Structure formats: C-alpha cells, structure tokens
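*Asks:* To start, I am sharing the structure in question, which I have written as structure tokens.
Number of protein chains: 2
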Amino acid sequence: MQNQEPLSAIRPEQRAPETSQSEFNAGAAYIDGNIVPISEARIPIMDWGFLHSDATYDVVHVWDGRFFRLNDHLDRFMTGVQKLNMTLELSREEMRDILARCVRATGLQRAYVEMICTRGIPAGNSRDPRTCRNRFYAFAIPFSWVATPEEQDRGIRLHISEVQRISPQSVDPTIKNYHWLDLVKGQFEAYAFNAHLSVLVDAGKHVVEGAGFNIFIIKGNTVSTPGTGVLEGITRKTAMELARQLNLDVEERPVHARELAEADEVFITSTAGGIMPIHSVDGKLVGSGRQDKTLQLRALYWEAHSDPALSEPV
Amino acid sequence: MQNQEPLSAIRPEQRAPETSQSEFNAGAAYIDGNIVPISEARIPIMDWGFLHSDATYDVVHVWDGRFFRLNDHLDRFMTGVQKLNMTLELSREEMRDILARCVRATGLQRAYVEMICTRGIPAGNSRDPRTCRNRFYAFAIPFSWVATPEEQDRGIRLHISEVQRISPQSVDPTIKNYHWLDLVKGQFEAYAFNAHLSVLVDAGKHVVEGAGFNIFIIKGNTVSTPGTGVLEGITRKTAMELARQLNLDVEERPVHARELAEADEVFITSTAGGIMPIHSVDGKLVGSGRQDKTLQLRALYWEAHSDPALSEPV
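Below, the structure is given as structure tokens:
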C-alpha cells in the first residue's frame, strides 16, 4: 500500500511531562481540554452520553500518516450534532486540530480516530436535556479492522441475522449513534452460527447493515446497496464512486436477504477495514467464489488514500 | 408521607479521608472498588457500555431511609445481565452492600440509586465482545422526579409523539437499557408542543412508553396498560397490584393512542416519581378532570413504602 511518512514531531505541550511516549502508544484521548493516554481517559458517569446514550460520533482513519476524507467525516458529525439539538463551543478548525493532536501524541501512522459529542450533565436534579452543556471528546487508537486482511484472505463468513436493525422511525440512522444492542445480539448470533459477522434485516427481511459496516451485492454489471435505514457510510460512498469509475451500474434500493444467495459477489464497507469481500453467507459460498470486482474496488480504495483530493497529512 | 428515620452512621472506610461530607451530598458512586463523590465519578471512555451502549442497568429508590422493592430490582437487573451474555464477579449480596454504601455515603434519606453492568473494554485491538471483562458501577443521587409533586398538582401535560419506540424485534425492552435517542427526540417534541412529557407509539399507533415511565388508562372499572414492547416496570407492577386491591380490573393489552382521549383517567408510573396523574393529552383535558382512582392508587403507593414486605432499611 503506501510508504510510511514520518509524522510531525509531537509538541511537548500535548502531554504531561511525567507521561512517557510508551503510555501513548496504545492511544491518546482529548478529555476536558487535555490530551491523555487512552488508559487514563475517563468521562463522567453522569454524562447522558452514557446514561441515555444521548450522543453522536464519527470515526475517521489515518493511513500512512494521512487522514482519509476528513472533511466528509466532519460534515457528517456536525450534521448529527445539529440534528440532536446539540451545540459545540468548538469550531471545525479546532476539532480538526484536536484530532491531529490525538494522532500525533500516539505516534501512530495508521489510526482509528473517533470524535464524540454527548448531551452532557443536566443542571441540578433536572431531567431536561436543554439544561445540559454538550461535551466534545476525541481519541486515536491503532487502526482497527472489522475483518483483518488475513481474515479477508481466508474468507469472511457472514450470517444473516433475524434481529431487526433499529428502525428509522425510532432513531435516525444518518445520525451516527451508539445504539448497538441489536448489532451486539447479531454478533453473538454470528458466533453461534460459526460466522465472523452478522448483517441485520428490516421487518421485510431486507438486509440493512451490520456492526459498523454497510453491505453491497454485485450481480452482473450492477452494484446494489440498501438506500434507507442505514448509516450513510463514507466508505460506502467511496465504494459507490469507485464502482462508477469502473463503469458498473450503482443502485441504492432495498436488497432482500435472498438476493445474497443469488449474487455474484457480496462485500461490506467500513472505515474500520475499507472494502472487504464476503466469502460465504450462512455457510453457502458467494457466487462462484471469485471476487474479481470486489478486489478491484478494494485495490482502488487503498490507492485513493494518497490522493490529495481525498486525504491530507495529519 | 413517612417520618424521616436516621440512617446508619457512615463507616469511615467508605470515603477517602480528604473528602468532606459536603462533597458527597450531591451523590456518591462506586467505581473500581471505591466509593467516590459523584462529581469525581468517571468511567473509561473505551468501555463499550459507552461506545456501544452495550449495558444494562436498574434504578431502585430509597424513601425515608428504606429501599423500595430492592429484590425486584435486583432480580430484573441480574436477568438483564444474563440476557446480554454478561457475567459479574459480584454476588447479589455484594451488590446489595455496594448500593447501601453509596446511599449511606450521601447521607440522603430519599435517593435515586442506579446499578449498571457494562460490556467493558475488549482485549487489545479486538472487536469481539467475548474478550471483555464486564464491569459493575453504581451510584446514589438525590431522588429525581419524572414530574415533581408541584407539577403533578398543577397538572401534567402529555404529548403523544409520532416517534416510534425502538421495537422489541430490535432490542428486548425487558432488558433495561440506555437506548434513549427515540425518547429524547420525543422529549424535544413535548417541549415544542408545550407539554411536559411525550409518550411514544408503535407502528400501529398504540402508545408504548415514555422517557423512564410506563403508561396506564382507566375507563370505568378497568385499568389498562400496554403488555408488550415495554419495560416491565416495578412501579408498573406495583400499580397493577394496588389496582387489584381496589377491586379494579387490570388488563395488559395494546392501548391505541385514540383511547387516551376517551379515558376517564390516564396515569404514568416510574421509580422516579411513583404513580403520577396526567391532566391533559395534546391539550385536551383527560376525562372530566377528576383523578379519583389515580390519586387513591398514588396514596396507596406511598403508604406501601413502609411495608416491610416491600421495603427494607438501607
């Protein structure tokens, strides 16, 4: 993939003098104005971001020293904050600076970088969310994979769960959120079915999304992905752009669970791993087992990480 | 209501020597084996209880120095822990002791006492929940009201939201959980409609539950409350028991939104406030405005707090 570039030197004010670099290698977080080692990063138990999961977040990744599509992630994050009736006292430039400082503190060339806005703590004994001062947290940790490159090579086994993804009539999925109990239940189901991952369905048995990933199928020259009830993933968006570059037709439409059995190829997308081919669905090989178009898309995806139009140095 | 009883003396080992009682008056929490003032109580940002809202909890209250139905709350909590494939290293007796220590540290006679089990932090860079050591937290803060006694006297205004409560096909509502973004959206809708509270509906426009409360209607001699898709509230259970004592018929069944307009009385139940009469629904007075049966139930509810079969000293 890309060459490793040296990161900018860590500015001394970014860490307490008594903290050694090794404590930051596992990750760094921005909490209440300070950059601290991830092992020491704590949030108030009374923050409704925890007690009501009243929060939105976004994850951008750093690959070989460069943020990938940071502006897209910031756009989505700030839209989510607004949709939840929250406001932050930080400017977009200040957030960008905080994220970069977290990454630099770790010294990581490849990182998983999360920004979070929570409701905060209500005034006194109130139960009124309007009394809260909203809070911003961030952290950078080593890059994390929904399925590692080795698992991708050996073949990712997907299970179609009977658990329904939380409906958009309840929670707007375009606001990236921590409501994962359905996804966690699906994940335990995957283990029970000897699969790596589960994809959840809607009430009509259309596949929707899984724990941190969107899903696509390829049939002939057409790439299809669910268009509603899903997070509008940045990797999903990139995959659609790249598919059009390969002169594939791209459709956003409901995809029934049974279509996975008939597809030529199936793949998933996530900031945590990019474009990842699915080898089998509920024990049945996908298509003929060839993943030509998916692997082409995956190669283009990683090549795009050095494109200055899509990436920038930390 | 009840006389104030003196609480047992606070044992000195329950707090750090440099911490003054006044710091504990706002609340106390159990974190990693220590009892700390609520203002200092923090959890790791990496705990999936926060990052995936992968957690269950329960709230028991203390009234005039006595826990109310603590065994019921512990039963529900431990069932939720098990349903989420979590295990705790603490025994039921140890949890009971921790909750009491939190309350005693605050010196509060009337308290809102929360116990929490989170997934914890995965090992290394894993995304597998089975690698987590599950964590137990608890805290006690001053008693909190969904609607204060003064608001109840002036009349609680309820709004029927169009937001759908997260479906039981997605998240089991009998596992008390922090998936509140639908409830928070409903709460902002209530403010927009000049109401105190919102109740959410299901896909068929049946009322389900609101932010921390169950709902009931009374028509003639019959008390009805939704039987599925709701938290099995302990106050809900108490209200049903008391209604039967008053020789009312009690039904658990789907309750359509339009039935609230035709009901004689409407009330809500919560550990945070008990049995609370609703004065109006979407601007329309409930029934004739009389709340005779609800006020009778409310009086019985508070009387039950000194019943040794239902309560115990902290």
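Line by line, the protein sequences are chains A and B.
Take 1 as the starting number for the first sequence in my numbering and just add one per residue.
Take 1001 as the starting number for the second sequence in my numbering and just add one per residue.
Glycine included, C-beta positions come from ideal geometry on N, C-alpha and C.
Only a predicted model underlies this, so the values are computations on that prediction, with no experimental measurement involved.
Name the residues in the region 41 to 53 of chain A whose C-beta lies less than 9 Å from a C-beta of chain B; which are they?
*Replies:* Taking 9 Å as the Cβ-Cβ cut-off against chain B, the residues of the region 41 to 53 of chain A that qualify are A41, R42, I43, P44, I45, M46, D47, W48, G49, F50, L51, H52, S53.
*Asks:* Need the endpoints of the alpha helix (DSSP H) that E1040/B sits in, please.
*Replies:* Translated into positions along the second sequence, residue 1040/B becomes position 40. That residue, E1040/B, is in no alpha helix (DSSP H); it is neither H nor E in DSSP.
*Asks:* What residues in its chain sit with their C-beta under 6 Å from that of P1129/B, if we drop five residues either side in the sequence?
*Replies:* Sequence index remark: in the second sequence, residue 1129/B carries index 129 (1-based). R1119, listed in sequence order.
*Asks:* Flag this pair as yes or no: are the beta carbons of A304/A and W145/A separated by less than 8 Å?
*Replies:* Counting from one through the first sequence, the residue named residue 304/A turns up at place 304. Counting from one through the first sequence, the residue named residue 145/A turns up at place 145. Not closer than 8 Å, so no.
*Asks:* Applying a beta-carbon distance threshold of less than 7 Å, which residues of chain A neighbour H1179/B?
*Replies:* To locate residue 1179/B, count along the second sequence from 1; it is residue 179. Those are S53, H179, L181, listed as they occur along chain A.
*Asks:* Helix, strand or coil for Q1164/B per DSSP?
*Replies:* For this step, residue 1164/B is matched to residue 164 along the second sequence. Of the three classes helix, strand and coil, the one that applies to Q1164/B here is strand, per DSSP.
*Asks:* Check whether chain A comes within 8 Å of N1085/B, counting only Cβ atoms and requiring the distance to be less than that.
*Replies:* Taking the first residue of the second sequence as 1, we reach residue 1085/B at position 85. So, interface residue.
*Asks:* Per DSSP, what kind of secondary structure is S288/A in: helix, strand or coil?
*Replies:* Position 288 of the first sequence, counted from the first residue, corresponds to residue 288/A. The answer is coil: DSSP assigns S288/A none of H, G, I, E or B.
*Asks:* What does P129/A reach in chain B if we use C-beta pairs closer than 8 Å?
*Replies:* The count along the first sequence starts at 1 and reaches residue 129/A at position 129. In chain order: V1184, Q1187, F1188.
*Asks:* With burial defined as no fewer than 16 other Cβ atoms inside 10 Å of the residue's Cβ, what is the status of A1111/B: buried or exposed?
*Replies:* Taking the first residue of the second sequence as 1, we reach residue 1111/B at position 111. A1111/B comes out buried.
*Asks:* What whole-angstrom Cβ distance do A1138/B and E1114/B have, given they're in contact under 8 Å?
*Replies:* Numbered from its first residue, the second sequence carries residue 1138/B at position 138. Numbered from its first residue, the second sequence carries residue 1114/B at position 114. Indeed they touch by this definition, with Cβ atoms about 6 Å apart.
*Asks:* Since S53/A is in the alpha helix (DSSP H), which residue starts that stretch and which ends it?
*Replies:* On the first sequence, position 53 is the one that residue 53/A refers to. Note, S53/A: premise wrong, no alpha helix (DSSP H); not H, not E.
*Asks:* Looking at C-alpha atoms only, which residue of E1265/B, D1032/B, F1216/B is the closest neighbour of S1288/B?
*Replies:* Residue mapping note: residue 1288/B aligns to position 288 of the second sequence, counting from 1. Looking at the Cα atoms, E1265/B is the closest of the given residues.
*Asks:* Using 8 Å as the threshold, is the C-beta distance between I31/A and I1166/B below it?
*Replies:* Translated into the one-based positions of the first sequence, residue 31/A becomes position 31. Translated into the one-based positions of the second sequence, residue 1166/B becomes position 166. No; because the gap between Cβ atoms is not below 8 Å, this pair is not in contact.
*Asks:* If I'm right that A263/A touches I218/A with Cβ under 8 Å, what's the distance once you round it to whole angstroms?
*Replies:* Counting from 1 along the first sequence, the entry for residue 263/A is found at position 263. Counting from 1 along the first sequence, the entry for residue 218/A is found at position 218. Confirmed, Cβ separation roughly 6 Å.
*Asks:* Which of helix, strand or coil does DSSP assign to T228/A?
*Replies:* The sequence position of residue 228/A within the first sequence is 228, counting from 1. The answer is coil: DSSP assigns T228/A none of H, G, I, E or B.
*Asks:* List the residues of chain B that V59/A touches, going by C-beta distances under 7 Å, in chain order.
*Replies:* The sequence position of residue 59/A within the first sequence is 59, counting from 1. By Cβ distance, chain B contributes nothing, its closest Cβ being about 10 Å from V59/A, past 7 Å.
*Asks:* With 8 Å as the threshold, decide whether the Cβ of F77/A is near any Cβ in chain B.
*Replies:* Stepping through the first sequence from its first residue, residue 77/A is reached at position 77. Not closer than 8 Å to any Cβ of chain B, the Cβ of F77/A fails to qualify, so no.
*Asks:* Just confirm the distance between the C-beta atoms of T56/A and N134/A, as a whole number of angstroms; I'd bet it's less than 8 Å.
*Replies:* Counting from one through the first sequence, the residue named residue 56/A turns up at place 56. Counting from one through the first sequence, the residue named residue 134/A turns up at place 134. That pair is no contact at about 10 Å.
*Asks:* Go ahead and pull the three-state DSSP assignment for D1282/B.
*Replies:* The residue given as residue 1282/B occupies position 282 in the second sequence. Three-state result, D1282/B: coil.
*Asks:* Any Cβ of chain A within less than 8 Å of the Cβ of V1199/B?
*Replies:* The count along the second sequence starts at 1 and reaches residue 1199/B at position 199. So, not an interface residue.
*Asks:* Taking only beta-carbon atoms, is N1071/B less than 8 Å away from chain A?
*Replies:* Taking the first residue of the second sequence as 1, we reach residue 1071/B at position 71. No, no contact with chain A.
*Asks:* Under 8 Å between C-beta atoms, does I35/A make it to chain B?
*Replies:* On the first sequence, residue 35/A is found 35 positions in, with the first residue counted as 1. No, I35/A does not count as interfacial toward chain B.
*Asks:* For S1144/B and chain A, any beta-carbon pair shorter than 8 Å?
*Replies:* Within the second sequence, the letter at position 144 stands for residue 1144/B. It does: the Cβ of S1144/B has a partner Cβ on chain A nearer than 8 Å.
*Asks:* From what residue to what residue does the alpha helix (DSSP H) around R1110/B run?
*Replies:* One-based indexing of the second sequence puts residue 1110/B at position 110. Careful: R1110/B lies outside any alpha helix (DSSP H) and carries neither H nor E.
*Asks:* V36/A and A26/A - do their beta-carbons sit closer together than 8 Å?
*Replies:* Numbered from its first residue, the first sequence carries residue 26/A at position 26. Numbered from its first residue, the first sequence carries residue 36/A at position 36. Contact: no.
*Asks:* Would you say A137/A reaches chain B, if we count a Cβ-Cβ gap shorter than 8 Å as a contact?
*Replies:* In the first sequence, the residue the question calls residue 137/A occupies position 137. Note on residue identity: the sequence assigns Tyr, not Ala, to residue 137/A. With 8 Å as the cut-off, Y137/A counts as an interface residue toward chain B.
*Asks:* Would DSSP call K1320/B helix, strand or coil?
*Replies:* Nothing about residue 1320/B can be reported from this structure: the residues present for chain B run from 1001 to 1314 only.
*Asks:* Which chain B residues are close to V81/A, counting only those with a beta carbon under 8 Å from its beta carbon?
*Replies:* As a first step, residue 81/A must be located in the first sequence, where it is residue number 81. Residues of chain B passing the Cβ test: none, with the nearest at roughly 13 Å.
*Asks:* Starting from the N-terminal side, write out each stretch of the alpha helix (DSSP H) that is 4 residues or longer and does not extend beyond the region 1253 to 1278 of chain B.
*Replies:* List check, alpha helix (DSSP H) in window: 1257 to 1262.
*Asks:* Are the C-beta atoms of I156/A and some chain B residue less than 8 Å apart?
*Replies:* Locating residue 156/A in the first sequence gives position 156, where the first residue counts as 1. Judged by the 8 Å Cβ criterion, I156/A is not in contact with chain B.
*Asks:* Is it true that the CB of H159/A sits closer than 8 Å to the CB of F188/A?
*Replies:* For the purposes of this step, residue 188/A is taken as residue 188 along the first sequence, with counting starting at 1. For the purposes of this step, residue 159/A is taken as residue 159 along the first sequence, with counting starting at 1. Result no, Cβ atoms of F188/A and H159/A do not sit closer than 8 Å.
*Asks:* Is H1179/B near S53/A, with beta carbons less than 8 Å apart?
*Replies:* Along the second sequence, one-based indexing puts residue 1179/B at 179. Along the first sequence, one-based indexing puts residue 53/A at 53. Yes, these two residues count as a Cβ contact at 8 Å.
*Asks:* Nearest CA to the CA of P1122/B: which residue from D282/A, T131/A, I141/A, R66/A?
*Replies:* Numbered from its first residue, the second sequence carries residue 1122/B at position 122. Per the Cα distances, I141/A.
*Asks:* Can you find the residues in the same chain that come closer than 8 Å, C-beta to C-beta, to V1171/B, ignoring five residues on each side of it along the sequence?
*Replies:* One-based indexing of the second sequence puts residue 1171/B at position 171. So the list reads N1177, H1179, once near-sequence residues are dropped.
*Asks:* Kindly indicate if chain B contains any beta-carbon less than 8 Å away from that of A105/A.
*Replies:* As a working note, residue 105/A is residue 105 in the first sequence. Not one chain B Cβ lies under 8 Å of A105/A.
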